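Below is one structure, written out as structure tokens; the observations come after it.
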Amino acid sequence: MSKPLTITEKIILNHTDLNEISSGDIVNARVDIALGNDITAPIAIKEFEAIGISEVFDRRKIALVPDHFVPNKDILSAKQAKMLREFAKKFDIENYFECGEAGVEHALLPEKGIVLPGDLVIGADSHTCTYGALGAFATGVGSTDLAYTMAFGELWLKVPESIKVIFEGKPKKWVSGKDLILYLIGQIGVEGANYMALEFTGSTFKHLGMADRLTISNMAIEAGAKSGIFEPDEITENYVKSRAKRDYIFYKSDEEAEYAKVLNFNTGTINPQVAFPHLPENSVDINEASAKNIKIDQSVIGSCTNGRIEDLRIAAQILKGKKIAKYTRLIVIPATPDIYRLAEKEGLIDIFMDAGGVVSTPTCGPCLGGYMGILADGERAISSTNRNFKGRMGDVASEVYLANPAVCAASAILGKIASPDEVS
Amino acid sequence: MIFKGKVFKFGDNIDTDAIIPARYLNDSSEENLRKHCMEDADESFSSKVSKGDFIVAGNNFGCGSSREHAPIAIKACGVQVVIAKSFARIFYRNSFNIGLFILSADTGGIDDGDMLEVDTDAGEIKNKTKNTLVKAKPIPKFMSELVNAGGLIAYAKKKIKEGKK
């Protein structure tokens, strides 16, 4: 009998010419989708040109999404976006998205069925690990990796060990995927899964939808992980069947597969989490955070982590008929044009605007301190995004607290970090 | 290869936003990245550092974003080797891909301003100031081939020339 393998090892193995692999091996793997954005692709394009070959490996397997500083925030950003556009035109790149079609890449690609279960995806963006939610092996790489992949359709990868993370039981009210991943990072630390694959499983995920899985996989990188994967199931099938335009494969870990570690959590004991500055591992219980009476200047709801329709719905549920606190800014950013349109149809945009918030077109914008909500020195934001490093959203003397969209909405109403229970 | 220079010491979890803040990512030219290298960790770093100097840090150096601008900025400053207790994985692979030497070693005994002599092939870090020797963790063969070739693109070109691509 052949060696039992994890889902991650199986997907990687089936993208090589090898008969067997073990964690730690460095292999050349075929890539199904290679992704770049307006910040990382310009360097990749320069490096691609330096290789000196005249064609991309497959125009259908490259995705270029201008989302970080687009709609162009300044002249230099416009030049970078122009480089993507010209490259896309030159090679007739199938998955290039112009401004009105573009959204935050990691929300857009699953929504459009471009990344699918069983795929091997590399992206010049650290949050490429998001697609693990679909049962794909997906990992963030650099621009040179993207250049190499655009040329040859393959890339060197070290086969990672896996940590099995089991969440059992029904989540409490207001507890979402964001809280589970913040809680996990709080337990294992920002380096707790360095170089490894996180594999999520357990009965909790029958109570949560695909949006929660996407949020959890998205933040695997904040524990240092190479990827964060879910075994595909009915929820996966329901999500991908109407979106996929090609075949996909559901892989499963063998029962006897080896794990570097197995972690068990009782979901019912976990409350909404808030990660304090300046690391995602600084997560504390919302009740403890609220008791500290931490004033906020800005609340951001959006990003590849929590800018999906489910996130906007829960924020709107809390904000409906209420006003945000005086001298507080609420910035809502639907992650894709489809989400934006749906939010409008469902009346969510009105709710946000009636509450005193502003709604932006899809962009990564403030998450990485790009634009559309930059903080001054001494200012403090609560945000549904993924990183709270020093200076992440603006001035080096500003602060970011990470939380789920419900906590961000409640905090905007009270002008301080607050639990949704305090306003509803 | 052998490198000699002065140490600029940093702590744990130096993230890529500290190495090169996103506000400068609208321009990927080496000169722009060089000017702002390490700005949010040490504002005057780029004006103090000289060719051949070392960045030495604690755990999880380069965590966060996949931006290759981070190792490019470091290399553009003249730093040829980064030594840390551990590295975040995307930063680690980006550095090899662009030909920046990365050594994982116990950096606890190395202080800001120490003079080092580093042999990247042998993985030896000689502290000339303190007269001590630290061994770095060995690098996988493929990865040392990559960095010695000058990075992934140079490696690819070599393969094309040899008819292996």
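Those sequence lines, one after another, are chains A and B.
Residue 22 is where the first sequence starts when you use the numbering used here, and the numbers rise one by one after that.
Residue 753 is where the second sequence starts when you use the numbering used here, and the numbers rise one by one after that.
Each residue gets a CB set at the ideal place from its N, CA and C atoms; glycine is no exception.
Note that the structure is a prediction, hence the values are computed from the model and not measured.
Separation of the CB atoms of A:G156 and A:Y272 is rounded to 6 Å, and the pair is thereby assigned contact status at 8 Å. When C-beta distances to chain A are compared with 7 Å, the residues of the segment 882-900 of chain B below that value are P892, F894, in chain order.
In the structure shown, the three-state DSSP call for A:S324 is helix. Just measuring C-alpha positions, the residue of A:K282, A:A397, A:G207 sitting nearest A:S304 is A:G207.
Contact annotation: in the segment 394-425 of chain A, residues whose CB is within less than 9 Å of a CB in chain B are I395, R408, F410, K411, G412, R413, G415, V417. Taking the Cα positions, A:F118 is about 6 Å away from A:V86. DSSP links B:K887 through a beta bridge to B:E876. DSSP, reduced to helix, strand and coil, places A:K94 outside both helices and strands of the structure shown, so it counts as coil. Sorting A:L340, A:P138, A:Y280, A:N215 by C-alpha distance to the C-alpha of A:M231 places A:P138 at the top. Straight-line measurement puts the Cα of A:L300 at about 41 Å from the Cα of A:G73.
At a C-beta separation below 7 Å, A:D95 has these neighbours in chain B: N778.
The straight-line gap separating the alpha-carbon atoms of A:T326 and A:L351 is approximately 17 Å. Between A:N93 and the set A:L105, A:A84, A:K179, the nearest pair of CA atoms involves A:L105.
The C-beta of B:I905 comes closer than 8 Å to at least one C-beta of chain A.
By the beta-carbon neighbour count (other beta carbons within 10 angstroms, threshold 16), B:K756 is exposed. If you check the CB distance, A:L141 and A:F158 come in under 8 Å.
Assignment of B:N784 by DSSP, reduced to helix, strand and coil, places it in the helix class. Bridge partners of A:S304 according to DSSP: A:A296. For A:T222, the uninterrupted beta strand (DSSP E) segment begins and ends at 218-222. Of all residues in the segment 215-232 of chain A, those with a C-beta nearer than 7 Å to a C-beta of chain B are N215, Y216, reading in chain order. Around A:S432, the same chain offers I317, S320, I403, A424, I438, A439 as residues with beta carbons nearer than 8 Å, after the five sequence neighbours per side are excluded.
Note on the segment 95-158 of chain A: whole alpha helix (DSSP H) runs with a minimum of 4 residues are 96-112, 126-132, in chain order.
A:E212 sits in coil when the DSSP states are folded into three classes, being neither helix nor strand. In this structure, the alpha-carbon of A:P441 lies about 21 Å from that of A:T225. Judged by their CB atoms, A:P192 and A:L167 are not nearer to each other than the 8 Å cut-off. Around B:I850, the beta-carbon contacts reaching into chain A at under 7 Å are T165.
Under the three-state reduction of DSSP, A:S311 is assigned to helix. Per DSSP, the beta bridge partners of A:Y422 are A:I403. Around the CB of A:I330, 16 or more other CB atoms lie within 10 Å, so the residue is classed as buried.
Between B:G875 and B:P890, the beta carbon gap of about 6 Å places them in contact (Cβ cut-off 8 Å).
Here DSSP, grouped into helix, strand and coil, assigns B:E897 to helix. Taking a Cβ-Cβ cut-off of 7 Å, the neighbours of A:K247 in chain B comprise R841, given in sequence order.
Taking a Cβ-Cβ threshold of 8 Å, the residues of chain B close to A:T61 are S818, R819, E820, in chain order.
Under the criterion of beta carbons closer than 8 Å, B:A857 and B:I835 qualify as touching, at roughly 6 Å. A residue is called buried when at least 16 other Cβ atoms come within 10 angstroms of its Cβ; A:S43 does not meet this threshold and is exposed. Residues S197, G198 of the same chain have their beta carbon placed closer than 6 Å to that of A:D233, with the five preceding and five following residues left out of the count.
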